[in-house]
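K.L.:
First, the structure itself, so that you have it in front of you.
Protein chains: 2
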Amino acid sequence: MRNRRNRLQLIISIIKKNNIGNQNDLARILRSYGIDVTQATLSRDLKALKVTKVASDKGEYIYIIPDNNELQDSMLQRGMHSIPSGQQAGFVSINFSGNIVVIKTRNGYAPGLAYDIDMSKSPLIIGTIAGADTIFIVLKEGVSRDEAIHFFSRFVPMD
Amino acid sequence: MRNRRNRLQLIISIIKKNNIGNQNDLARILRSYGIDVTQATLSRDLKALKVTKVASDKGEYIYIIPDNNELQDSMLQRGMHSIPSGQQAGFVSINFSGNIVVIKTRNGYAPGLAYDIDMSKSPLIIGTIAGADTIFIVLKEGVSRDEAIHFFSRFVPMD
DNA sequence: GGAATTTTTGCATATTAATGCAAAATTGTT
DNA sequence: AACAATTTTGCATTAATATGCAAAAATTCC
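Protein chains in written order, with numbering that gives the first Met the number 0: chain A, 0 to 158; chain B, 0 to 158.
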């Protein structure tokens with residue numbers, strides 16, 4: 000049969016256009032195109048096309064043609080790198096982990112220091128949050144450890 | 000049960016590591032972790048996680064967590080890319096860095112928005128913390144940028 | 001063309017997945 | 001803590017999907 004290839008083609012376009020949720024519905028639509036096959040064949044077709052059924056946000060199932068790449072972003076987890084404290088007001092320590100900087104201060108000092116860091120409007124930083132004695136700073140992706148160290152040396156002792 | 004979210008996480012990691020092909024096998028593996036649920040529950044879990052079964056190159060079926068580009072495409076076809084207007088109040092910006100999301104708001108709005116995000120109880124999120132104008136959200140390991148973007152589009156404009 | 005070989009299909013059925021419903025567990029409220 | 005409201009789950013069953021096998025088509029080879 001020369002039909003199989005055409006049918007597979009048609010199935011793809013039907014699945015992309017309509018919201019098909021099961022193989023019987025698909026068979027029905029194919030029939031309206033003059034193609035008459037059983038559910039068993041469609042099961043094989045969908046397997047060949049790697050079509051899968053997935054839940055939509057509406058709570059119903061629809062067929063999609065998934066990407067063939069298995070995505071796995073692995074988290075970069077660098078070890079902590081501690082730096083001895085100096086005599087900056089309230090400063091206790093600064094540590095890096097991945098793209099996060101954690102600054103510890105004596106109690107009550109964190110908000111003030113965080114404010115200063117915020118006000119620098121550094122493009123290296125996408126956000127800071129301060130508790131009473133801890134500041135979390137999220138660095139922009141791609142910022143190197145050295146860049147960060149250089150920047151933070153404006154605020155705290157970094158040797 | 001507080002177990003559900005843990006189970007969902009475990010399911011994700013099991014599916015990514017092993018080649019699971021049906022819900023009974025999954026149940027069996029979960030049982031080896033001390034988690035005992037029925038196939039019915041797993042069907043619901045997989046629906047919630049948008050896990051789908053797809054033919055591998057070996058000719059067998061395995062579960063995967065599909066690429067969200069495809070999902071978004073099919074969502075867009077269904078015309079569901081609207082953002083509830085009430086949930087944009089005070090929003091300023093959203094940025095990603097590694098597994099951290101930083102949302103900036105106008106002063107005072109962060110706690111409310113963070114609360115809404117918390118209440119969504121997304122399995123993608125490990126935790127959130129809010130200051131006055133900034134929210135930090137830590138994503139679960141393995142959550143792709145696309146997945147995250149899709150999720151946060153429920154809360155803030157992402158275009 | 002015709003026999004041999006490979007591919008595709010339907011049938012019947014086994015396997016797998018989804019769901020209505022009531023009960024149990026959890027969460028929210030006061 | 002007690003009650004109400006919501007969520008989660010299992011059971012039982014239905015719905016949907018996959019597949020062994022034999023037959024029908026298509027393809028290849030002489």
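Every residue, glycine too, gets a C-beta built ideally from N, C-alpha and C.
Just so we're clear, the structure is a prediction, and the values are computed from it rather than from any experiment.
Using three-state DSSP, classify residue 52 of chain B as helix, strand or coil.
P.N.:
Three-state DSSP puts residue 52 of chain B in a strand.
K.L.:
So if I threshold CB-CB distances at 7 Å, which residues from the stretch 84-108 of chain B count as touching chain A?
P.N.:
Correct list: 94, 96, 97, 98, 99, 101 and 103.
K.L.:
Helix, strand or coil: which one does DSSP assign to residue 111 of chain B?
P.N.:
helix
K.L.:
Could you check which residue in A:130, A:26 and A:126 has the C-alpha nearest to that of residue 104 of chain A?
P.N.:
Looking at the Cα atoms, A:130 is the closest of the given residues.
K.L.:
Just how far apart, CA to CA, sit residue 100 of chain A and residue 25 of chain A?
P.N.:
53 Å
K.L.:
Taking the beta strand (DSSP E) that residue 94 of chain A falls in, what are its first and last residues?
P.N.:
90-96
K.L.:
Let's see if you can read the secondary structure: which residues bound the beta strand (DSSP E) around residue 103 of chain B?
P.N.:
99-104
K.L.:
Say whether chain B places a C-beta atom closer than 8 Å to the C-beta of residue 54 of chain A.
P.N.:
It does; some Cβ of chain B falls within 8 Å.
K.L.:
8 Å is my cut-off, CB to CB: does residue 51 of chain A come that close to chain B?
P.N.:
yes
K.L.:
Rounded to whole angstroms, what's the CA-CA distance from residue 96 of chain A to residue 127 of chain A? Just pull it up for me.
P.N.:
If I take the Cα positions, the gap works out to 15 Å.
K.L.:
From the DSSP output, in three-state form, read off residue 123 of chain B for me.
P.N.:
In the structure shown, residue 123 of chain B sits in coil (DSSP, three-state: anything other than H, G, I, E or B).
K.L.:
Taking all protein chains shown into account, decide if residue 16 of chain A is buried (16 or more other Cβ within 10 angstroms of its Cβ) or exposed.
P.N.:
exposed
K.L.:
For residue 37 of chain A, which of helix, strand or coil comes out of DSSP?
P.N.:
coil
K.L.:
To the nearest angstrom, how far is it from the Cα of residue 30 of chain A to the Cα of residue 144 of chain B?
P.N.:
40 Å
K.L.:
If you reduce the DSSP assignment to three classes, tell me which class residue 135 of chain A lands in.
P.N.:
strand
K.L.:
Taking Cβ positions only, does residue 138 of chain A come closer than 8 Å to chain B?
P.N.:
Interface criterion met: the Cβ of residue 138 of chain A is under 8 Å from a Cβ in chain B.
K.L.:
When the Cα of residue 188 of chain B is compared with those of B:150, B:27, B:98 and B:151, which residue comes out closest?
P.N.:
Residue 188 of chain B is absent from the model: chain B starts at 0 and stops at 158.
K.L.:
Quick check: what's the CA-CA separation for residue 106 of chain B versus residue 90 of chain B?
P.N.:
10 Å
K.L.:
Which residues mark the beginning and the end of the alpha helix (DSSP H) in which residue 11 of chain B is found?
P.N.:
2-16
K.L.:
Pull up the distance between the alpha-carbon of residue 11 of chain A and that of residue 53 of chain A, whole angstroms please.
P.N.:
16 Å
K.L.:
Please list the residues of the stretch 111-137 of chain A that have a C-beta atom closer than 8 Å to any C-beta atom in chain B, keeping them in chain order.
P.N.:
125, 126, 127, 128, 129, 135 and 137
K.L.:
Counting contacts by CB-CB distance shorter than 8 Å, is residue 46 of chain B in contact with chain A?
P.N.:
yes
K.L.:
Could you please give me the residues that DSSP links to residue 129 of chain B through a beta bridge?
P.N.:
B:134
K.L.:
Is there a Cβ from chain A that is less than 8 Å from the Cβ of residue 80 of chain B?
P.N.:
Reliability of the predicted coordinates at residue 80 of chain B is poor, the pLDDT of 32 falling under 50, and the value obtained from them is presented with this limitation in mind. It does not: the Cβ of residue 80 of chain B has no partner Cβ on chain A nearer than 8 Å.
K.L.:
Between which two residues does the beta strand (DSSP E) containing residue 63 of chain A stretch?
P.N.:
60-63
K.L.:
So, helix, strand or coil for residue 23 of chain B, using DSSP?
P.N.:
helix
K.L.:
Taking the alpha carbon of residue 5 of chain A as the reference point, which residue from A:118, A:20, A:14 and A:34 has its own alpha carbon closest?
P.N.:
A:34
K.L.:
Using the beta-carbon count (16 or more within 10 Å), is residue 114 of chain A buried or exposed?
P.N.:
exposed
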